[in-house]
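Asker: Heads up, the sequence shown is in the numbering used here, so the first residue is 35 and it goes up one at a time.
Here it is, the structure in full.
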Amino acid sequence: MPPPTLAEVIFPEQANHSFSRILGDLKRSNLSITNRLRSIRQDAYFVEDVAARLKLPLVANERCGSWYIDPALKAGSAYFKSTDGHTGQWKFSTRRLNLHLLELVGKHNGCIIVDSTRRGKRMPDALSKTVPTWCSVLNRVIFPDLASSHALVTPAGAVSASEASQIEARLPGFVASFGALAIDPAPLREQLGGKPLRPVWVTPASEEDDQEDEEGGEDGYVVALDLARDGSAFHPVVCCTSSRRVAGVGAEIAGGTGYIQGAGDDTENWAMGLTAAAFWRHQDELLAAAEGELPGLIARLLLLTAAEGEGGGDTTATARGLRRVAPGIGVFVGTLAAKETALSEGSCVVTLVSKSTERTTWVKSAAWMEAGLGKSKAASRSLRDALPQICEFVSRFLRIEAELSGNGTPERKVVILCDSGKDLSVGIALAIYCWCFDPCGNVRVGDERESFNKTAIRVKLGHIMTTMPDANPSRATLQSVNSYLMDWRK
């Protein structure tokens, strides 16, 4: 038998393409919706076990965290971003203060913040760095004389001593940025019952070994249980990573098991519109379905959810209602579903719709403006040019109302509505809060000398975010508001 030729040994180009296609198909099959949903449910069992052992309330770090918590067990939501903990980009966000957690922590002597991460990391930066930074900053602000609570505490296995030192060097600046918001720390101290915060870490066992790093695994339980007792000096803020680590550099899938680390992340790329709330409501049906049946099933469930008036997203009763943006002023935001109710109450209503319309058509009555700003990012950019007209419309209504009331305080409220109730409406509410009201909450009269700077705007944004922690005005929206307020003069 003659020896093989070189052409026979080297795979032809067509064969290479076939192998690439097979490998791609294999990865897609492993990253199937079925495997993702099963992995999420498996991780949720771990989260439930942590809550049962520590007897502390569960808080979802949105959006990922809600996939891992049964809504019946969920006590609240948090908004800590991993990007604020990325190496060299450490931040303390004055937009996402998360001060609403303090009351929960004080009442239950701690809480468990749930999040996840993908591709072989032990825990997300949000839990290893953003939350510890938040704890240290708040301890310094709320308990300035309690030096023992001021240190930055990080998990040794996830954050190097060098990186922790660099973050700690920025803490005085973060404290100053919080101080610029002029938030009174006394009520926060009262909510915490005089006890500062202390981060603790709990993760599932990794596939690489049976021992967790310091303050992880069993050590994390021990520390958390010790801090959660009544006589402890700190409130434990338990940072719970729901997904177990998959071995291998950049690995995401546990070989042979179908388990996907961080399956609840990046849902816009795989969930086909399915939300955490819909998953938990229909989990048995979804987990029992074959992979080929899931697209049709998810579509039917979304239609059912929409027909029930709950929307396809994470809409809640709170989100559908109206919420006051800050104490002392009658400005509220909500979704477009609240339009008819707001109009029937005689409120000044500004509705923001996704269809672009001519500005000459916006004013529908003396108390209703419907602004067609367009969709998504385009709407945020259009906002800059629309704000003068919107603010003048609202200002005119408020001045008339203040005069009619006889005491200078409008009796009817201002309502700003958009699709989500969290982005454009919040940006416009911020502009109205600054433009139409003085620092005491009184309606402004004509004052040509009035001007605004970033600090003043940031203070009022801080008030809004404290009242509405789930508000999420985009960067483009806030840039439009800043540009309008700082470039224009009353």
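Just so it is clear, CB atoms sit at the ideal spot from N, CA and C, and this is done for glycine as well.
1) Residues in its own chain within less than 7 Å of E197 by CB, not counting five upstream and five downstream?
2) Could you name each continuous beta strand (DSSP E) segment of 3 residues or more that falls completely within the region 164-204, going from the start of the chain to the end?
3) Is the beta carbon of M520 sitting closer than 9 Å to the one on F486?
4) So for T369, helix, strand or coil by DSSP?
5) From the DSSP output, which residues share a beta bridge with R232?
6) How big is the Cα-Cα spacing for Y102 and K108?
7) Would you report the Cα separation of W402 and A360, rounded to the nearest angstrom?
8) Cutting at 7 Å between CB atoms, please list the residues of its own chain near V75, excluding the five before and the five after it.
9) To the nearest whole angstrom, what separates the beta carbons of V271 and R232, a pair I think is in contact under 8 Å?
10) Would a C-beta distance cut-off of 9 Å place V256 and V148 closer than the cut-off?
11) For I450, does the three-state DSSP call read helix, strand or coil?
12) Where does A94 land, buried or exposed, given buried means 16+ other C-beta within 10 angstroms?
13) For G144, I'd like the list of residues in its chain whose CB is within less than 6 Å of its CB, leaving aside the five on either flank, ordered along the chain.
14) To the nearest angstrom, report how far apart A210 and V171 are at their CA atoms.
15) Out of D83, H497, L356 and D218, which has the shortest C-alpha to C-alpha gap to S454?
16) Taking contact to mean at least 3 C-beta pairs separated by less than 8 Å, is the region 167-182 in contact with the region 298-309?
17) Can you round the beta-carbon distance between F366 and V449 to whole angstroms, since I take them to be within the 8 Å contact cut?
18) Using 8 Å as the threshold, is the region 323-337 in touch with the region 128-140, meaning 3 or more CB pairs across them?
19) Would L386 and S514 be called neighbours here (beta carbons separated by less than 9 Å)?
20) Residue range of the beta strand (DSSP E) that L92 falls in?
21) Give every residue of the same chain whose Cβ lies closer than 6 Å to the Cβ of V187, excluding the five residues on either side of it in the sequence, and list them in chain order.
22) Beta-carbon separation of V477 and L432 under 9 Å?
23) With a Cβ-Cβ cutoff of 9 Å, do L131 and I294 count as a contact?
24) Would you give the residue range spanned by the alpha helix (DSSP H) that D83 belongs to?
25) May I have the straight-line CA-CA distance separating G406 from A505, to the nearest angstrom?
26) Could you check where the alpha helix (DSSP H) with E224 kicks off and where it finishes?
27) Classify F24 as helix, strand or coil using the three-state DSSP reduction.
Answerer: Per the coordinate set shown:
1) T121
2) Assignment of beta strand (DSSP E) within the region 164-204, counting only whole runs of 3 or more residues, yields no such run.
3) yes
4) Secondary structure of T369 (DSSP, three-state): strand.
5) P270
6) 10 Å
7) 22 Å
8) Looking at the sequence provided, one finds Arg at residue 75 rather than Val. Excluding residues within five positions, the ones whose Cβ falls inside 7 Å are Q317 and L321.
9) Sure, about 7 Å apart at Cβ, within 8 Å.
10) no
11) strand
12) buried
13) Cβ within range, chain order: L90, A262, H269 and P270.
14) Between A210 and V171, the C-alpha separation is close to 9 Å.
15) L356
16) no
17) 5 Å
18) no
19) no
20) Here the beta strand (DSSP E) through L92 covers L92 to N95.
21) P166 and P233
22) Yes; because the gap between Cβ atoms is below 9 Å, this pair is in contact.
23) no
24) D83 -> alpha helix (DSSP H) spans I67 to L88.
25) 21 Å
26) P219 to Q225
27) With the chain running from 35 to 524 in the structure shown, residue 24 is simply not present.
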